[in-house]
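Down below is the structure, laid out as structure tokens.
Protein chains: 4
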Amino acid sequence: MCRWNAYFGHPVLIDELLFRTEHGLIDQSLHARMGVETTNGDGFGLGWYTDNNRSDPCRYRGVTPAWNDANLRDLTSHIESPLFLAHIRATTGTPVQQTNCHPFRHGRWLFVHNGVINGYPQMRRDLVLAIEPSLFGAIAGSTDSEVLFYLALTFGLEDDPLLAMERAVGFVETTAKSHGVENPVQMTVGFSNGERLWGVRYSSEHRSRTLFVSEDVSALRQLHPGNPRLQQLTDEARAIVSEPLSDLPGVWLEVPESTALIIGPGDFERRPFHPQQP
Amino acid sequence: MCRWNAYFGHPVLIDELLFRTEHGLIDQSLHARMGVETTNGDGFGLGWYTDNNRSDPCRYRGVTPAWNDANLRDLTSHIESPLFLAHIRATTGTPVQQTNCHPFRHGRWLFVHNGVINGYPQMRRDLVLAIEPSLFGAIAGSTDSEVLFYLALTFGLEDDPLLAMERAVGFVETTAKSHGVENPVQMTVGFSNGERLWGVRYSSEHRSRTLFVSEDVSALRQLHPGNPRLQQLTDEARAIVSEPLSDLPGVWLEVPESTALIIGPGDFERRPFHPQQP
Amino acid sequence: MCRWNAYFGHPVLIDELLFRTEHGLIDQSLHARMGVETTNGDGFGLGWYTDNNRSDPCRYRGVTPAWNDANLRDLTSHIESPLFLAHIRATTGTPVQQTNCHPFRHGRWLFVHNGVINGYPQMRRDLVLAIEPSLFGAIAGSTDSEVLFYLALTFGLEDDPLLAMERAVGFVETTAKSHGVENPVQMTVGFSNGERLWGVRYSSEHRSRTLFVSEDVSALRQLHPGNPRLQQLTDEARAIVSEPLSDLPGVWLEVPESTALIIGPGDFERRPFHPQQP
Amino acid sequence: MCRWNAYFGHPVLIDELLFRTEHGLIDQSLHARMGVETTNGDGFGLGWYTDNNRSDPCRYRGVTPAWNDANLRDLTSHIESPLFLAHIRATTGTPVQQTNCHPFRHGRWLFVHNGVINGYPQMRRDLVLAIEPSLFGAIAGSTDSEVLFYLALTFGLEDDPLLAMERAVGFVETTAKSHGVENPVQMTVGFSNGERLWGVRYSSEHRSRTLFVSEDVSALRQLHPGNPRLQQLTDEARAIVSEPLSDLPGVWLEVPESTALIIGPGDFERRPFHPQQP
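Chains as they are written, first to last, in my numbering: chain A, 19 to 296; chain B, 19 to 296; chain C, 19 to 296; chain D, 19 to 296.
Listed below in structure tokens is the structure:
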């Protein structure tokens, strides 16, 4: 069980969404309300693009709890970004090490996952074998999440992101069937190539982890009426979050089951998400 | 806010009290029930004596949460000890670093603290100046807890442990008065010299953090009826814990306000604890 | 490039070989003399058996340099062992994380490696696929060394240790040929099941990393004439080391190329080591 | 023994000086040529100002060796700065923890130190007591370097930086005399307020650690003839380094004994440095 946040829009100081918001991601690391576990203290990660550099995201990951990492506080209060993904981890068994912290990165792509592949220990070998051999050497950690990312890359993430993700999930579900594993995929995922931001809520059993998207930029302004930076946000700004950042009614829209979001310049779209055979 | 456990008796594998018990210390690191905070993830420490070596305790401390430290799990499932103190930390502001993790150690002495010295930032300089100059160089961290330990050493911990602790607390309360700080001391402390184990519950406002002691060894046996190791415990075995390890009625005695415990070979004593002017 | 030490014999405090010896392993972490790199600061590990427990070794690993780890100093100066392996790491590219630190462990077996599998990024997938599927899920890190260990387990380490290691190396060499990689294996390895200790010096190009074994126990006594503990060593005590611990002439025997050592109770044997087709 | 680098001028990617230069600071962390120790693996730190924010520097510190920190590599290859100080540490005995890593920071000020205060364990209490009480609470670590910085702040660093540093050094030398300590101060220090950069080379015995300054910007251009970013440097750009970044003759000027440098916009000055009585 983990939690993640992503932002797309006018550049903001990253800590606006992580630290300075009521029930922001760092608070969720200690007191998640909607997750299976209340504590997400098994490492964290942050990946961000800059206005100057949309094709080579920077990343900072750590193995301590996000709430007590002095560097994270310093960095996020000094770095502005128009597009970032942040993640706090509660391990489902794999070791707490930087290579198991999200976001995972491949070229310009960043990827975060909240959830689990049930039956992963049995299926790990089959899933890993399906990864494109030229990508195999890049696997650095031992999580189900990283393997899911490399499966999506194998199935065409860079060409048709949502279709590739539908194929990756479809492949996991097919593999699970052959192992007698039920309800293998439980996920919300976020990913970006520096141009667009995608979010997906899906689980094989159709009882997925929560995911929310901000209504529109006026919602964020309403959240922080006194925050001059947010008053200047362009109208396309959006945030996707595992849990609402505050309890203001009307601000956060729950993403429906089996649904994908696409957020880009002047673009906000919702689509059904259906696993495909690769 | 922190949690700690201590054990005195026949040698046991340390993880009996830390990992294998219902609501043991490691579980408390994620889900404390009686503390101000439910999460104690800002480092941990373990200090233990061996039957061969009662005068030079060994110590293992770490800055990650206790629940995800692979080494702690390995060490405690392999090391037997007749006398140990374990601590999980929730910082009240000072950095998460090994030198701020309990137990603190001086020669044969180990010391753990749950609580806080209110007003410590204002009083820090005065408290530090009162430490015996020859001990000053040994201060390695920046916590109020370590300073409290060095004050107790300054006021005679090695000669009359409880009197020294009463003087240390008295000195903090006097210093607080001169700074206009109310209710400065909030503490449960545990300490040992390898021969005896002391525990104290005290706070200036007389609303102290919880502390419990096991009734007698039959209580521990009742806790783990199927555990052959515990069936062999000598009758003098005792555990002191911030929170009861399970919900069995009758096993854990709450230590009253302003009370000290002394546990030694063939010896279990309860005394009132009253701060003294040093 | 790494360095390792192993000991078999009468129980000694582990720091006798790690810290208290002239040019011991910890000194080698800063100033290796015979390696490709002089610094071995990318993590460390220690695995040990106890007289009470020969079938479940304990392990302590860390990601900081061995020379500045306060816990390592504390543990090794308090823990006695009749059989232990210690390793300091200089990464050849894989991340510095505990799961990449030696010794690797499987059941009662411990394994350390100094060297490299050349061409590992290209061959990684083929090597990993050859691992027995039931063992696959246990792979926790990303090093060539861990894969070599799991190949040896796959090829029968628990039944015929040296033959299994010869097969594992043979398999790597065959795989390398099919990838056009020359001189794939460079290694000294040490491994144990708690009963015996094996050491091997081998490389495909027959220019292997250094390896030494102590002459016999009188050699160790000569090393530390004033050390009463070493004076009591049983005659079967032996140490295997990547680099001699001191410059006393005659104490350390260089292990010849393509040679295996077997050290057990009342047993010291040297054998040729020849890779086999599995 | 440590090493540090500082840069003032047109914004550059920080890794230009840390990673991409022949014998840059990261290489020095493994292979220092001019220091007492060749390895500087006991933590590191980086502090930087941005063009947008000269009064609130950002900082990233870590306890692992700089050479194997994946985050440092990522951050420095993405962050541009017109003024930064980087430091790699080789501890002279105090613990390896973030609060002991340079640069130290107070408000807009950053401070790095290479060297040692001899006799610090004896003098620590007297030096700490001389720190302005209102600053006392901000001391977070246990190094001599941090105390030297707070002494300089106590003696007016924010008003007359070099005079304050002369007084701080003078105070340490006077204190040393009363303790019978000879040659107490060994230092090169660098510090900045976001507007100017100061560097000082001094030791009580007048045999100071090395310090170099780049000749002028043409020197840096000569260092990297193919680097277009450096070709665009304004003429005021300068670097101060513990060791020359390469062996090109004529590029690096050794800073003489007992000398201070001041680098600012359109400003480069050299002055004698003489300790003062505070």
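Even for Gly, the Cβ is constructed at its ideal location relative to N, Cα and C.
| Item | Value |
| --- | --- |
| Chain D contacts made by the segment 88 to 113 of chain A, where a contact means CB separation under 9 Å | Ala88, Asn89, Asp92, Leu93, Ser95, His96, Ile97, Glu98 |
| Sequence-distant residues of the same chain with beta carbon closer than 7 Å to Thr109 (chain A), five excluded per side | Asp60 |
| Reference Ser152 (chain C), options A:Ser152, A:Met141, A:Arg239, A:Leu153, closest by Cα | A:Met141 |
| is_contact[Ser160 (chain B), chain D] using C-beta, thresh 7 Å | yes |
| Chain-order list of residues whose beta-carbon lies under 6 Å from that of Ala278 (chain B) (same chain, five-residue window excluded) | Leu180, Val218, Arg289, Phe291 |
| Three-way DSSP call (helix, strand, coil) for Met52 (chain B) in this model | coil |
| Residues that Asn70 (chain A) contacts on chain B, provided the C-beta gap is smaller than 9 Å | Correct list: empty, because the minimum Cβ distance to chain B is about 33 Å. |
| Run of the alpha helix (DSSP H) containing His197 (chain A), from where it starts to where it stops | 179 to 197 |
| Contact under 7 Å by Cβ, Asp92 (chain B) with Arg77 (chain C) | yes |
| Three CB pairs or more closer than 8 Å across the segment 250 to 259 of chain B and the segment 29 to 49 of chain C | no |
| Contact set between Gln115 (chain C) and chain F, taken where Cβ atoms lie within less than 7 Å | The chain inventory of the structure shown lacks chain F, comprising the protein chains A, B, C and D. |
| Sequence-distant residues of its chain with Cβ nearer than 7 Å to Thr56 (chain C) (five each side left out) | His49, Ala50 |
| Stretch pair the segment 129 to 140 of chain B + the segment 189 to 202 of chain B: three plus CB contacts closer than 8 Å | yes |
| Span separating the alpha-carbon of Gly42 (chain A) from that of Leu263 (chain A) | 5 Å |
| The beta strand (DSSP E) enclosing Asn23 (chain B), as first and last residue numbers | 21 to 31 |
| With 16 other Cβ atoms within 10 Å as the buried cut-off, status of Asn132 (chain C) | buried |
| Beta-carbon spacing of Leu166 (chain B), Gly65 (chain B) below 7 Å | no |
| Leu171 (chain B) - containing alpha helix (DSSP H), residue span | 162 to 172 |
| Neighbour-count burial assignment, Phe189 (chain B), 16 or more Cβ in a 10 Å radius | buried |
| Burial state of Ser260 (chain B), where buried means 16 or more other Cβ atoms lie within 10 Å | buried |
| Residues from the segment 122 to 152 of chain C in contact with chain D, defined by Cβ distance under 9 Å | none |
| Residue-chain proximity (Tyr78 (chain A), chain D), Cβ-Cβ < 7 Å | yes |
| Simplified DSSP assignment, three categories, for Pro139 (chain B) | helix |
| Whole runs of the beta strand (DSSP E) within the segment 73 to 115 of chain A, excluding any shorter than 3 residues | 98 to 106 |
| Status (buried if at least 16 other CB within 10 Å, exposed otherwise) for Phe209 (chain C) | buried |
| Burial state of Glu164 (chain C) (16 or more Cβ within 10 Å) | buried |
| Coarse secondary structure for Leu153 (chain B), derived from DSSP in three states | helix |
| Helix, strand or coil at Val269 (chain C) [DSSP, three-state] | coil |
| Given Ser226 (chain A) as reference, the closest of A:Ser232, A:Phe173, A:Met205, A:Asn58 once Cα atoms are compared | A:Met205 |
| Inter-residue spacing [alpha-carbon to alpha-carbon] between Phe122 (chain B) and Leu171 (chain B) | 12 Å |
| Where the beta strand (DSSP E) containing Leu215 (chain B) begins and where it ends | 215 to 221 |
| Pairwise C-alpha distance: Phe26 (chain A) and Ala104 (chain B) | 45 Å |
| Neighbour-count burial assignment, Gly159 (chain D), 16 or more Cβ in a 10 Å radius | buried |
| Separation of Thr193 (chain D) from Gln116 (chain B), as counted between CA atoms | 31 Å |
| One or two residues paired with Glu287 (chain D) in a DSSP bridge | D:Ile280 |
| Interfacial residues, the segment 198 to 220 of chain A to chain B, with Cβ spacing under 8 Å | none |
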